[in-house]
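*Asks:* The following block contains the structure, expressed as C-alpha cells.
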C-alpha cells in the first residue's frame, strides 16, 4: 500500500532525526582541563595550545562522509516524494543543508576554516536586525548603558550561592515536576560539563562541583526546563514533523533568545545576567576584529571579571577554533535571539495574531522559518505545543504587558529622571571610613 502524504512527512522527519543523532557539536569542540591548567600555569600570558593536531586526537565518534551521504540521500528523497517547491519540502531541505554545513564546520576544527563556517550557521556581530537598523554588536553597548546602575543593586539572599550540586538537583527536580509534570525532565549531576548546567532533550545536567543560588535554580527551571527541554518534547510529540524535536545550529539563535525572553517575562532573570550576555557579544566582536585569546582575557580582566570568569567567557568564544583564529559565534544567540523573538511577539500582538505566539514552542523553531511553521500549522501538519510555560499560556495578559511597554518607549526618561528625582530622595552616599591621625 502506498504511503499517505502524512506518512511520507513522518518518515522523512524521522530520517532527519536519525541522521543527526551522532552529531554532538559542543562535545566535539570543547577544551579539556589540561588546556585550562596550562593556561593558568603560564600566568594567563601564553596562548592555549589548541590547533588542528589537538582536535585530530579527539575523535568525533562518527564518519563525516557517511553522515553527509545520509543527508544528501534524504534531500533526494524529499525531491522525489514532495517535490522541490512546496513550503514543507524547502523547509526539510534547508534543515538537511544546515546539518551538512555543521559537518563541514566540525571537519574544520582547529583550522582557519572553522570560524567562517560558524559565522554562516550562527551569525556575526555585524548582522543587522532590519534594513538600516542596529547591529548585533550595538546590543552590548545598549545593555551596558541601560544597566549602568547595576553596581548599586541591593544584596538579595536569593543570589547567594549556598546550594551544593546534590541539593540543587533535588530542588530543581521538584520545581520541574511541579511546573512541567512528573517525569518530563530528569535532573542529574555531571562532572564533565563546562558550564554550571546544560540541557538535553529530556534532561538537565548540573555540574557536580558547582554551587547554586535560589535564583539560578529559578532561571534553570525557566530557561533549560520550560524552553530547551519543553520545546524538545513538544517537537518529538509532533504527529508528523518530528524533525522539530531537534535543532540544527541556526535554530539555536531563536531557542536561546526564547529562553532568555522567558526568563525575563517570568521574573527570574537578573541585570547581571544581561550584562553577561553583553560580555559574550563584546568578546565575539573583539575576536572578529582580530584579538587573540590572551588579549580578550586581559580585556575582561581590566573590566573587573576574575580569572575564572574570564576563562569561561573567552573559552566559549574560541571553542573549535584556535587561540588566534575566528570565533565560534554561538553565544550571539542569547542577545540576538532575544531581540528577534521579542519582535515576533510584539508584531504578532500588534497585528492581532495572538494565536501565533504559542507556536514558538511547538518544537525547535527558527524565527526565520516561522512563515513555514504557521503555514504547516494551518495545513494540519503541525500541532500546537503540548507544553507551554505559564507566562505564555495567557496571551491576552502578555499582550497587555507588551502594549504598555510600547507606550513607555515614547517617554523621555531623561526628562522624567529630572522630574522624579526629588520624589525619590537623595541617593545614598557611603560613609567615609574613620582614619587615624
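In the working numbering, the protein residues as written are 78 to 514.
Quick reminder that beta carbons are idealized off the backbone N, C-alpha and C, glycines included.
(1) Ends of the alpha helix (DSSP H) at residue 280?
(2) If you measure between the beta carbons of residue 100 and residue 319, is that distance less than 8 Å?
(3) Mapping the DSSP letters down to three states, classify residue 212 as helix, strand or coil.
(4) When you compare only the Cα positions, how much space is there between residue 390 and residue 374?
(5) Given a cut-off of 8 Å, decide if residue 313 and residue 322 are closer than it, judged by their beta-carbon atoms.
(6) Residue 436 and residue 450 - do their beta-carbons sit closer together than 8 Å?
(7) According to DSSP, simplified to helix, strand and coil, what is residue 275?
(8) Could you tell me how far apart the beta carbons of residue 137 and residue 105 are, in whole angstroms, since I believe they sit closer than 8 Å?
(9) So, under 8 Å CB-CB, residue 468 and residue 339 are touching, yes? Tell me the CB distance rounded to an integer number of Å.
(10) Counting along the chain, where does the beta strand (DSSP E) carrying residue 263 start and finish?
(11) So if DSSP puts residue 205 in a beta bridge, which residue, or which two residues, is it bridged to?
(12) Assuming residue 377 and residue 395 make a contact with CB atoms under 8 Å, what is their CB distance in whole Å?
(13) Based on Cα-Cα distance, which residue from 385, 399, 350 and 384 lies nearest to residue 368?
(14) Of the choices 284, 212 and 305, whose alpha-carbon is the least far from that of residue 261?
(15) Quick check on the DSSP output: the alpha helix (DSSP H) that includes residue 299 runs from which residue to which?
(16) Measure the Cβ-Cβ separation of residue 213 and residue 412 and say whether it is below 8 Å.
(17) Spell out a yes or no on whether the segment 130 to 149 and the segment 174 to 186 are touching, meaning 3 or more CB-CB pairs, one atom from each, closer than 8 Å.
(18) Using the Cα positions of residue 196 and residue 330, report the straight-line distance between them to the nearest angstrom.
(19) If you check the beta carbons only, do residue 83 and residue 141 fall under 8 Å apart?
(20) What three-state label does DSSP hand residue 106 in the structure shown?
(21) Please tell me whether residue 297 and residue 246 are closer than 8 Å, where the distance is taken between their beta carbons.
(22) Please go through the same chain and pick out, in chain order, the residues whose beta-carbon is closer than 6 Å to the beta-carbon of residue 97, but skip the five residues on each side of it.
(23) Check for me: the alpha helix (DSSP H) holding residue 40 runs from which residue to which?
(24) Taking a contact to mean a Cβ-Cβ separation below 8 Å, would you say residue 194 touches residue 204 in this structure?
(25) What residue does the alpha helix (DSSP H) around residue 413 start on, and which one ends it?
(26) Look at residue 310 and residue 286 and say whether their C-beta atoms are less than 8 Å apart.
(27) From what residue to what residue does the alpha helix (DSSP H) around residue 352 run?
(28) Taking all protein chains shown into account, decide if residue 505 is buried (16 or more other Cβ within 10 angstroms of its Cβ) or exposed.
(29) Which residues bound the alpha helix (DSSP H) around residue 369?
(30) Using CA coordinates, which residue listed in 157, 107 and 219 is at the minimum distance from residue 355?
(31) Suppose you measure from the CA of residue 192 to the CA of residue 361; what does that come to, to the nearest Å?
(32) Going by the CB atoms, is the gap between residue 454 and residue 86 shorter than 8 Å?
(33) Between which two residues does the alpha helix (DSSP H) harbouring residue 340 extend?
(34) Can you give the Cα-Cα distance for residue 158 and residue 441, rounded to whole angstroms?
(35) For residue 107, I'd like the list of residues in its chain whose CB is within less than 8 Å of its CB, leaving aside the five on either flank, ordered along the chain.
(36) Once you ignore the five residues that flank residue 594 on each side, which residues in its own chain have a CB closer than 6 Å to its CB?
*Replies:* Checking against the coordinates, here is how it stands:
(1) If you number the chain shown from 1, residue 280 lands on position 203. For residue 280, there is no enclosing alpha helix (DSSP H); the residue is found in the beta strand (DSSP E) stretching over 280 to 284.
(2) As a first step, residue 100 must be located in the chain shown, where it is residue number 23. As a first step, residue 319 must be located in the chain shown, where it is residue number 242. Cβ atoms of residue 100 and residue 319: not closer than 8 Å.
(3) Looking up residue 212 in the chain shown gives position 135. Residue 212 falls in the strand class under three-state DSSP.
(4) Mapped onto the chain shown, residue 390 falls at position 313. Mapped onto the chain shown, residue 374 falls at position 297. Straight-line Cα distance between these residues: approximately 8 Å.
(5) In the chain shown, counting from the first residue as 1, residue 322 sits at position 245. In the chain shown, counting from the first residue as 1, residue 313 sits at position 236. Yes; because the gap between Cβ atoms is below 8 Å, this pair is in contact.
(6) Locating residue 450 in the chain shown gives position 373, counting from the first residue. Locating residue 436 in the chain shown gives position 359, counting from the first residue. Here residue 450 is near residue 436, since their CB atoms are less than 8 Å apart.
(7) One-based indexing of the chain shown puts residue 275 at position 198. Three-state result, residue 275: strand.
(8) Start at 1 with the first residue of the chain shown, and residue 137 comes out as number 60. Start at 1 with the first residue of the chain shown, and residue 105 comes out as number 28. Going by Cβ atoms, the distance from residue 137 to residue 105 rounds to 6 Å, so yes, they are a contact pair.
(9) The residue labelled residue 468 in the question sits at position 391 within the chain shown. The residue labelled residue 339 in the question sits at position 262 within the chain shown. About 7 Å; that satisfies the 8 Å criterion.
(10) As a working mapping, residue 263 is identified with position 186 in the chain shown. Segment 263 to 267, the beta strand (DSSP E) holding residue 263.
(11) Along the chain shown, read from residue 1 onward, the residue named residue 205 stands at position 128. Residue 205 pairs with 212.
(12) Numbered from 1 along the chain shown, position 300 holds the residue referred to as residue 377. Numbered from 1 along the chain shown, position 318 holds the residue referred to as residue 395. Actually they are not in contact, since the Cβ atoms of residue 377 and residue 395 sit about 13 Å apart, beyond 8 Å.
(13) Here residue 368 refers to the residue found at position 291 of the chain shown. Closest option to residue 368, Cα to Cα, is 399.
(14) Counting from one through the chain shown, the residue named residue 261 turns up at place 184. Put simply, of 284, 212 and 305 the residue whose alpha carbon is nearest the alpha carbon of residue 261 is 305.
(15) Counting from 1 along the chain shown, the entry for residue 299 is found at position 222. First-last for residue 299: undefined, no H or E at that position.
(16) Here the question's residue 213 lines up with position 136 in the chain shown. Here the question's residue 412 lines up with position 335 in the chain shown. Yes.
(17) yes
(18) As a first step, residue 196 is located in the chain shown; it is residue number 119 there, counting from the start. As a first step, residue 330 is located in the chain shown; it is residue number 253 there, counting from the start. Using only the alpha carbons, I get a separation of about 12 Å.
(19) The residue labelled residue 83 in the question sits at position 6 within the chain shown. The residue labelled residue 141 in the question sits at position 64 within the chain shown. Not closer than 8 Å, so no.
(20) On the chain shown, residue 106 is found 29 positions in, with the first residue counted as 1. In the structure shown, residue 106 sits in a helix (DSSP, three-state: H, G or I).
(21) Position 220 of the chain shown, counting from 1, holds the residue named residue 297. Position 169 of the chain shown, counting from 1, holds the residue named residue 246. No, the pair does not count as a contact, with Cβ atoms beyond the cut-off.
(22) By one-based count along the chain shown, residue 97 stands at place 20. 176 and 323, listed in sequence order.
(23) Within the shown structure, residues of the chain are numbered from 78 to 514, placing residue 40 beyond reach of any answer.
(24) Mapped onto the chain shown, residue 194 falls at position 117. Mapped onto the chain shown, residue 204 falls at position 127. Contact flag unset, no.
(25) Taking the first residue of the chain shown as position 1, residue 413 is located at position 336. From DSSP, the alpha helix (DSSP H) with residue 413 extends over 410 to 427.
(26) One-based indexing of the chain shown puts residue 310 at position 233. One-based indexing of the chain shown puts residue 286 at position 209. In this structure, residue 286 does not lie closer than 8 Å to residue 310 by Cβ.
(27) By 1-based counting over the chain shown, the position of residue 352 is 275. It spans 348 to 365 - the alpha helix (DSSP H) in which residue 352 sits, taken as one unbroken run.
(28) The count along the chain shown starts at 1 and reaches residue 505 at position 428. Per-residue confidence for residue 505 stands at a pLDDT of 49, beneath the threshold of 50, marking its modelled position as unreliable; no derived number is given.
(29) Stepping through the chain shown from its first residue, residue 369 is reached at position 292. It is not in any alpha helix (DSSP H) - residue 369 carries neither H nor E in the DSSP assignment.
(30) Translated into positions along the chain shown, residue 355 becomes position 278. Among 157, 107 and 219, the Cα nearest to that of residue 355 belongs to 219.
(31) Within the chain shown, numbered from 1, the residue matching residue 192 stands at position 115. Within the chain shown, numbered from 1, the residue matching residue 361 stands at position 284. For residue 192 and residue 361, the distance between alpha carbons rounds to 11 Å.
(32) Here the question's residue 86 lines up with position 9 in the chain shown. Here the question's residue 454 lines up with position 377 in the chain shown. The beta carbons of residue 86 and residue 454 sit no closer together than 8 Å.
(33) Taking the chain shown and counting its residues from 1, one reaches residue 340 at position 263. For residue 340, the uninterrupted alpha helix (DSSP H) segment begins and ends at 326 to 342.
(34) Numbered from 1 along the chain shown, position 81 holds the residue referred to as residue 158. Numbered from 1 along the chain shown, position 364 holds the residue referred to as residue 441. Whole-angstrom Cα-Cα distance: 24 Å.
(35) One-based indexing of the chain shown puts residue 107 at position 30. Closer than 8 Å at the Cβ level, and outside the excluded window around residue 107, lie 271 and 396.
(36) This structure does not reach residue 594, given that the chain is present from 78 up to 514, and the question cannot be answered.
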